[in-house]
Amino acid sequence: MRYIPSTEEQQKEMLKGIGVSSFEELITSIPEEVRLKRRLKLPPALSEQELEEEIAHIAQKNADFYSIKPLVGAGAYRHFIPEAERALLQREEFWTCYTPYQPELSQGTLQAIFEFQSHISRLTKMEVVVPSIFDGASATAEAALMALRLTHKDKIIISSLLHPHYQEVLKTYLEPHNITIVKLPFQNGLTSVDMTRQFLDDNTAAVLIQSPNFWGGIENIPGIAEITHNHKALLIQVIVEAMSLGILKSPGNMNVDIVAGSTQSFGLDLNFGGPYNAFLATKREYIRQLPGRIVGETRDKEGKRCFVMTFRAREQDIRREKATSNMCTNHNLNVIAADMYLSLLGTQGLYQYSLLNFKKAHFLKEKLLNSGKFSKSFSYPYYNEFLINYHGDIKSLQERLIENNFLPPLLVTQFYPEEQFKQSLLFAVTEIFSRAELNYITDLLSQ
Amino acid sequence: MKLIFEKSIPGRIGFSLPQDLFEDVRWEDSIPKEYLEHDKKPLTEVSEIDVIRHFTKLSKYNYGVDDGLYPLGSCTMKYNPRINEKMSNLANFVYAHPLSPPAMVQGSLEIMYRLNEMLCEITGMEQYTMAPASGAHGELTGILVMRKYFIDLGEKRNKVLIPDSAHGTNPASAAMGGFNVVEIKSNENGTVDLESLSQAMDDHTVGLMLTNPNTVGLYDEGIINIEKIVHSKGGLLYYDGANLNASLGIIRPGDTGFDVVHLNLHKTFSTPHGGGGPGSGVIGVKNKLIPYLPTPVVAFDESSNSYYFKDVGEKSIGMVRSFWGNFSVLVKTLAWILSLGPDGLLQCSQASIINANYVLAKLKQYYRPAYDRYCGHECTLTGREYKKYGIKTLDIAKRLMDYGLHPPTIYFPHFEPYAEETIMIEPPESEGKEVLDDFIKIMINIAQEAKEKPEILTSAPHRTPISRADDVLAVKRPILTYDDELKLKDELGYQEKDIKF
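Line order of the protein sequences matches chains A and B.
In terms of this note's numbering, the first sequence opens at residue 1 and continues consecutively.
In terms of this note's numbering, the second sequence opens at residue 1001 and continues consecutively.
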């Protein structure tokens, strides 16, 4: 086997060196009766060439997704990824290494994480950034747990326009802890601020609002922050489409206490749903309640600036059951990917890309409305996703789009079964669509 | 070295824009002004070559498996085959949106379906969920599944038993699942003390979380009795798969009575660690626990001859992450299993066990083992003999770097009286004999140095991009972003040589 270098001869020498005559002598502590006494029932080993053909054959059973541009986002957005990032990520030193427990051999990883924290801090205007939780959903759940630890209260209020998967995951994580979860209704495509005021009380640990929300709507975060803080509760802003951070007001400038943000849009492929990454960003005063790893700057013995994992006393390998979280392996390589992506885009690029997403989504929505086949679901400010009602047969719309190499928008009834949404479609439009394509889509859907 | 921010020069760009910027869209009218940031957010201004050189240099300040031996115990730092990377990067997989209609993602679903079948066979379990993103995430998922099972039975069980040698994630995951943790002491053989286990195991106990071989690298010879003790009280046995690399084709957790198993695909199954992830911590369960798994799982419909996502049902614990799993990691795992086949998997565990015992045999007279017996795929030595020379295990680890190697895991596991100043070495099957011989020689050299010139250890490493980093300072004077540093600019007073190297 090409992945196992020692030859049979060498293994014999090693056994001799150990002082045994057979491999069996090494595993006598495994009781005979529980050993596997047969060969595993698996297909025989494939050569590399056979393997390549086999997996390529399976991949062929998928659609040709490279050529199919998605009009669906809903938590997973196709953005363009610069080749410089893809090429740099091929450097084995970034991906064949372990968690940077030994800083002297891990400055590459550690500095890239520190840079990512710095980037996110500037984008969110928050002081402290946990670079890596698995995804936006688990980060949202970790943010809620953190708020519960900070406030010692037992009620969480969430927007019904929080991504439905995120709602599910939050429920799963909080289930063992006797926490009341109250769901805020929506009003005209946004979370109802009036109802937020009504539901808030002094037992409320946190209010969780996604903005832009599941329907792309930009929420009145400053307004919700004010009433949340009146009850000494914390406001958690969830960001699923990080591209929005390029132009939208930073959470830190809207009095948000904790941000849980997916960074899938920062240089990560769709990959059928994972692996993605998410950050938590918050105020410095909450640092000891943060879950997961964080990197800090320090000096080495000669005074050189260097980077280490820090505030480790919160973590599971030290605190065990008293740790702030069980997080160990996270999605670090995707942090490095995002650092590369943000470095390439920089100040100007992120702004321009972010704005283009906004403009293209608004361009398409306007066109669809003008076609006469669609009508507004709501009048609301939105970013690069919008909900719209279609007057024709949805199945045929989906077929027409797929035939023309577009992945159809999301039919929201799978998450919001209310009668009013029977004809509602959630479109996502990113920078990858050209004007010609958006015109073509409009023509297709106007027939 | 310099941060990307310090390389920024106003006016430089590293991106390209399409010609059509949709300047005819009157976007300002569509959004209240107060929702927009007034100025552009300051990131960096660098060109593409600046970014390429920056990260290329950063990469050179790292050490990966491709650079040499990486013998971290309980981490299974084995070779990450290139072909697996290529397979997971096929465009049809990479660009697949998770909410695509099932008919368009039959290939992706087949990967998940076939992987489930193979993992079930390898571990003796009956159904896997591909959802968990890491080992600890798998533990939490498993704990929640066990919790839901007992709620469904109407039983009130509030504690989880965990050996003192367990990974820190075990107790942390149990606590996140709302349980109290009861620690079970190890006996003089380094394995679970059956008497303590019997005393602690009652009908208010969910069960036991166990790694086998355990975190000192020892197979628990009492496994049959452990199973009886836990199951006789109606409890469940949880298998932490961190150390499965010692078991492929030899012993299956399912056959030893484990009810829940998590696998670290980034350990045993060769997918890369990525400097701390992404990996995958899929969990497998026995039939009685399938109804509680996270939803959905991939199933096959005979009548339409197609794969689909099946809702697990109302007893499911719900979702533990958005979408379905760390898909690209699953492709690599399947590719690895297909490359090895049943015989290759067995050889893999055999080779790793021989490797670890070889290192143990050659080094035990220099670094007293925590337990003097044959080990599984990793061995636990200690540096305690060198305390009298003023040498800590940390110094030994740092000195190894001067010889161009990554150190083993140190100070884990840690429990008195056996396991202190521990050096846990895991030389996976992808390390050949001559690599181990070099390592052994170097470790013996270091043992000599510890006695003769200890200062060369205490001042190590000498040949790395930085010398020892001040962890205490990092906490005392927290600098967590570049802006934090800028605020302290005068106090820090960095010279050019301090940041440019």
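Where is the CB? At the ideal position from N, CA and C, for every residue including glycine.
Interface residues of chain A around residue i at Cβ under 7 Å?
i, result
"S1186(B)", "The contacting residues do not exist; S1186(B) stays about 14 Å from chain A at best."
"L1237(B)", "What L1237(B) touches in chain A: nothing, since even the nearest Cβ is about 13 Å away."
Comparing C-alpha positions only, which one of the options sits nearest to residue i?
i, options, result
"R305(A)", "R38(A), P31(A), Q11(A), F114(A)", "F114(A)"
"I181(A)", "V169(A), Q187(A), N188(A), G189(A)", "V169(A)"
"S262(A)", "N62(A), E8(A), N404(A), V130(A)", "V130(A)"
"G1124(B)", "F1005(B), E1037(B), H1262(B)", "H1262(B)"
"N213(A)", "K422(A), I394(A), R38(A), E385(A)", "E385(A)"
"G246(A)", "L1119(B), P1478(B), L1036(B)", "L1036(B)"
"K1041(B)", "K183(A), L248(A), Q167(A), E142(A)", "L248(A)"
"L123(A)", "I1410(B), T1481(B), D1490(B)", "T1481(B)"
"G292(A)", "D1301(B), L1436(B), G1276(B)", "G1276(B)"
"Y77(A)", "G216(A), Q117(A), A143(A)", "G216(A)"
"I1456(B)", "L1405(B), D1470(B), I1396(B), D1484(B)", "I1396(B)"
"S1472(B)", "R312(A), L364(A), F378(A), I227(A)", "It is Val, not Ser, that sits at residue 1472(B) in the sequence shown. The candidate whose alpha carbon is nearest that of V1472(B) is R312(A)."
"L1161(B)", "D1203(B), E1126(B), V1298(B)", "D1203(B)"
"S106(A)", "M243(A), I336(A), F415(A)", "I336(A)"
"A59(A)", "P1098(B), V1105(B), L1244(B), V1192(B)", "V1105(B)"
"K125(A)", "D1498(B), S1459(B), D1484(B)", "D1484(B)"
"D1498(B)", "S1467(B), V1145(B), I1423(B), Q1199(B)", "S1467(B)"
"E285(A)", "P100(A), V72(A), V128(A)", "V128(A)"
"C1375(B)", "N1212(B), S1280(B), F1412(B)", "N1212(B)"
"E1426(B)", "P1407(B), E1416(B), E1434(B)", "P1407(B)"
"V34(A)", "G1279(B), G1432(B), I1250(B), S1100(B)", "I1250(B)"
"D1240(B)", "Y1113(B), E1195(B), N1170(B), D1255(B)", "N1170(B)"
"L1289(B)", "D1259(B), D1220(B), L1072(B), E1048(B)", "D1259(B)"
Please list the partners that residue i has in chain B, where partner means a Cβ-to-Cβ separation under 8 Å.
i, result
"T347(A)", "K1040, K1041, P1042, L1043, T1044, E1045"
"G252(A)", "What G252(A) touches in chain B: nothing, since even the nearest Cβ is about 11 Å away."
"P31(A)", "E1221, I1223, I1224"
Would DSSP call residue i helix, strand or coil?
i, result
"R1157(B)", "coil"
"C1379(B)", "strand"
"R435(A)", "helix"
"R305(A)", "strand"
"F1462(B)", "Note that residue 1462(B) corresponds to His in the displayed sequence, not to Phe. Coil."
"Y1128(B)", "strand"
"E9(A)", "helix"
"S47(A)", "coil"
"L1123(B)", "According to the sequence displayed, residue 1123(B) carries Thr and not Leu. DSSP places T1123(B) in helix when its eight states are reduced to three."
"R312(A)", "helix"
"G246(A)", "helix"
Assuming the contact rule is C-beta atoms closer than 8 Å, residue i and residue j should be a hit. Round their C-beta distance to whole Å, please.
i, j, result
"L1293(B)", "V1285(B)", "6 Å"
"S1059(B)", "R91(A)", "4 Å"
"T172(A)", "M1319(B)", "6 Å"
"G1014(B)", "G346(A)", "6 Å"
"L235(A)", "V256(A)", "5 Å"
"A1091(B)", "S1108(B)", "With a Cβ gap of about 12 Å, A1091(B) and S1108(B) do not count as contacting."
"G1190(B)", "Y1418(B)", "7 Å"
"A1136(B)", "N326(A)", "4 Å"
Taking C-beta pairs closer than 7 Å, name the residues in chain B that residue i reaches, listed in chain order.
i, result
"M327(A)", "A1136"
"F358(A)", "W1027"
"R288(A)", "The contacting residues do not exist; R288(A) stays about 10 Å from chain B at best."
"R35(A)", "I1250, I1251"
"K304(A)", "I1466, D1498, F1501"
"V128(A)", "L1480"
What residues of chain A sit near residue i, judged by a beta carbon separation below 8 Å?
i, result
"V1261(B)", "Here the premise fails: no neighbours, minimum Cβ distance about 15 Å."
"G1341(B)", "L42, P43, P44, A45, L46"
Can you list the residues of chain B that residue i reaches, using a CB-CB cut of under 9 Å?
i, result
"M243(A)", "The premise fails here: M243(A) is roughly 13 Å from chain B at the closest Cβ pair, so nothing lies under 9 Å."
"F433(A)", "Going along chain B, no residue has its Cβ under 9 Å from F433(A), so there is no contact; the nearest lies around 10 Å."
List, in order along the chain, the chain A residues whose C-beta lies closer than 9 Å to that of residue i?
i, result
"A1206(B)", "Looking at the sequence shown, residue 1206(B) is not Ala but Val. Residues of chain A passing the Cβ test: none, with the nearest at roughly 12 Å."
Say the cut is 7 Å; is the CB of residue i nearer than that to a heavy atom of the ligand COA?
i, result
"L411(A)", "Of ligands this structure carries none, so the ligand COA is not represented either."
Mind listing which residues of the segment 1115-1133 of chain B have their C-beta closer than 7 Å to chain A's C-betas, in chain order?
-> Listed by position along the chain: M1118, E1121, I1122, A1133.
Quick one: which residues of the segment 1348-1372 of chain B get their C-beta closer than 7 Å to a C-beta of chain A? List them in chain order.
-> Residues C1348, Q1350, A1351, I1353, I1354, N1357, Y1358, A1361, K1362.
Between the segment 4-19 of chain A and chain B, which residues of the former have a C-beta closer than 9 Å to a C-beta of the latter?
-> Listed by position, the residues of the segment 4-19 of chain A near chain B (Cβ gap below 9 Å) are I4, P5, S6, T7, Q10, Q11, E13, M14, L15, G17, I18, G19.
Using a Cβ-Cβ cut-off of less than 9 Å, give me the residues of the segment 1166-1181 of chain B that come near chain A, in sequence order.
-> So the list reads A1166, H1167, G1168, T1169, N1170, P1171, A1172, S1173, A1174, A1175, M1176, G1177, G1178, F1179, N1180, V1181, given in the order they occur along the chain.
Relative to chain A, which residues along the segment 1473-1488 of chain B have a C-beta separation below 7 Å, given in chain order?
-> So the close ones are L1473, A1474, V1475, P1478, I1479, L1480, T1481, Y1482, D1483, E1485.
For the segment 1084-1112 of chain B, which residues have a beta carbon sitting closer than 7 Å to at least one beta carbon of chain A?
-> Residues of the segment 1084-1112 of chain B with a C-beta less than 7 Å from any C-beta of chain A: M1087, L1090, A1091, N1092, F1093, V1094, Y1095, A1096, H1097, P1098, L1099, S1100, M1104, V1105, Q1106, G1107, S1108, E1110, I1111, listed in chain order.
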